[in-house]
Amino acid sequence: MKKTVVITGAGRGIGAACAKLFAKNDYNVAINYFKSKHKAKQLSDTINKSGGCSEIFYADVSNPSNVKQMHQEIKNKLGNPQVLINNAGIAQQKLFTDITINDWDNMLNINTKSTFLCCKEFLPHMINKKSGRIINISSIWGVVGGSCEVHYSASKAAIIGLSKALAKEVALSGITVNCIAPGVIATDMTSIHDKQTMDILKQEIACGKIGNVQDVANTALFLASDEASYITGQVINVDGGF
Numbered sequence: 009m010k011k012t013v014v015i016t017g018a019g020r021g022i023g024a025a026c027a028k029l030f031a032k033n034d035y036n037v038a039i040n041y042f043k044s045k046h047k048a049k050q051l052s053d054t055i056n057k058s059g060g061c062s063e064i065f066y067a068d069v070s071n072p073s074n075v076k077q078m079h080q081e082i083k084n085k086l087g088n089p090q091v092l093i094n095n096a097g098i099a100q101q102k103l104f105t106d107i108t109i110n111d112w113d114n115m116l117n118i119n120t121k122s123t124f125l126c127c128k129e130f131l132p133h134m135i136n137k138k139s140g141r142i143i144n145i146s147s148i149w150g151v152v153g154g155s156c157e158v159h160y161s162a163s164k165a166a167i168i169g170l171s172k173a174l175a176k177e178v179a180l181s182g183i184t185v186n187c188i189a190p191g192v193i194a195t196d197m198t199s200i201h202d203k204q205t206m207d208i209l210k211q212e213i214a215c216g217k218i219g220n221v222q223d224v225a226n227t228a229l230f231l232a233s234d235e236a237s238y239i240t241g242q243v244i245n246v247d248g249g250f
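Residue numbers (the working numbering): 9 to 250.
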């Protein structure tokens, strides 16, 4: 029987790469989107034309009722997910003194509250089945902190704390919870940087190159596999030795 994975914020970037890779590895893929419906639909069409199985599902994952409704729709169409990838997120660069209360609340809602809500919604079925994989996408800035990204760094650090604590709580239920902390990855988020900034960042990476979304997707697929059943509560830095 095919497993189902739900990936939040899957219309583009890391989420889209995960969707393609999991579909290629015989998962039913629930593609969550909020504002990127067109990209989510294109992604789903591409997967399905290649012989995979995917559906798109709307939800603002920082909204509890949206998350609950999405879960019901996924369950009806693809069955209860065995794997949850909390990938939805935003980034913003600002001096700490310029960060507004609204900036802070928005960042924590979309990056951190959404992870909490999705874990809370999908976890009970996993506990009932004594099996499941939760993979939360944090960031290297959640590990080391990023100048002019205090609110972003805080939101991603909170995801790490959530993952480590939840992993201990659900381990005896056969569920693993892990974090991936991507480094400098070529996505829409990094496209805001000019060439000079990217060159400076590249010099700080031991591998001497910017990562790509496939690097992160490969790690997520491994953490979802049976081979990773003894790995939980971990933060895997996919950063090229940043």
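Here a beta-carbon is modelled for each residue, glycine too, at the ideal position from N, C-alpha and C.
Around E212, the same chain offers F250 as residues with beta carbons nearer than 7 Å, after the five sequence neighbours per side are excluded. With distances taken between CA atoms, A214 lies nearest to D247 out of N186, D247, F230. Counting only unbroken stretches of 4 or more residues, the alpha helix (DSSP H) elements lying wholly within the stretch 61-130 are 72-86, 109-116, in sequence order. The C-alpha of N144 lies about 13 Å from the C-alpha of V13. For I142, the closest of K176, N186, N114 by C-alpha to C-alpha distance is N186. Here N119 is actually not in contact with K47; their C-beta atoms are around 20 Å apart, not less than 8 Å.
Contact annotation: C156 and N95 have beta-carbon atoms that are not nearer than 8 Å. Under the DSSP assignment, T240 falls outside any alpha helix (DSSP H); it carries neither an H nor an E label. Excluding residues up to 5 positions away in sequence, E129 lie with their Cβ nearer than 8 Å to the Cβ of K76 in the same chain. In the same chain as I107, and ignoring 5 residues on each side of it, the C-beta atoms closer than 7 Å to its own belong to V158, H159, in chain order. Only buried fits A18, as 16 or more other CB atoms lie within 10 angstroms of its CB. For C187, the secondary structure class from DSSP, reduced to helix, strand or coil, is strand. Rounded to the nearest angstrom, the Cβ distance from I244 to I188 is 5 Å, consistent with a contact under 8 Å. The beta-bridge partner set that DSSP reports for V152 is empty.
Between the alpha carbons of A24 and L174 lies a gap of roughly 26 Å.
Linking Q101 to I167 through their CA atoms gives a straight-line distance of about 19 Å.
Contact annotation: L86 and N36 have beta-carbon atoms nearer than 8 Å. Looking from the CA of G21, the closest CA among V224, I239, L231 belongs to V224.
In the same chain as I55, and ignoring 5 residues on each side of it, the C-beta atoms closer than 7 Å to its own belong to A27, K28, A31, V37, S62, in chain order. Between the alpha carbons of M206 and N136 lies a gap of roughly 46 Å.
Residue state for Y35 is assigned as coil, using DSSP reduced to three classes. Going by beta carbons, I98 and M115 fall inside the 8 Å limit. From the listed residues A179, S146, G60, the smallest Cα separation to K11 is found for G60. Across the structure, N88 and M134 are spaced so that their CA atoms are roughly 9 Å apart.
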